[in-house]
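Residue numbers (our numbering): 3 to 123.
We put the beta carbon where it would ideally sit given N, CA and C, even for glycine.
To keep things clear, I will list the structure first and then write my remarks on it.
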């Protein structure tokens with residue numbers, strides 16, 4: 003039986019999700035690739051959806067998290083700003099802290115689950 007703790011943390015602002023697991027993954031992919039298009043492909047998102055997510059994040063935070071430059075002879079690119087890198091690091095730390103805090107209770111609850119498919123505990 004695959005039983006495990008799965009936490010999802012989302013930061014809401016003005017009726018939108020300012021930051022959550024999908025947006026954090028997008029920020030990490032942009033940081034790794036230097037491109038919204040490449041990040042979108044890596045995550046299985048459309049370019050349009052990725053841009054909408056970036057716009058939501060940039061609008062929600064006081065400083066933009068992602069900065070893009072137009073294409074041209076050298077090509078365009080996308081980078082996380084210092085604020086973007088800090089927000090991503092803080093979000094990842096928050097998720098880790100929440101999982102660690104929930105672990106004892108989660109383990110106790112998981113131990114109480116009924117065995118499935120003839121498995122024994």
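With a threshold of 16 other beta carbon atoms within 10 Å, residue 59 meets it and is buried. Listed as beta-bridge partners of residue 21 by DSSP are 13. Between residue 26 and residue 44, the beta carbon gap of about 14 Å keeps them out of contact (Cβ cut-off 8 Å).
For residue 10, the number of other beta carbons within 10 angstroms of its own is below 16, and it is reported as exposed. In the three-state reduction of the DSSP assignment, residue 79 falls in the strand class, which pools E and B.
Distance from the CA of residue 51 to the CA of residue 4, rounded to the nearest whole angstrom, comes to 32 Å.
The beta carbon of residue 15 lies closer than 7 Å to those of 62 in the same chain, with the five residues before and after it left out. Look at residue 71 here: in three-state DSSP terms it is strand. Burial check for residue 78: the Cβ neighbour count within 10 Å stays below 16, so the residue is exposed.
In the three-state reduction of the DSSP assignment, residue 55 falls in the helix class, which pools H, G and I. With 16 or more other Cβ atoms from the protein chains shown falling within 10 Å of its own Cβ, residue 55 counts as buried.
Looking at 42, 106 and 109, the one whose alpha-carbon comes closest to that of residue 29 is 42.
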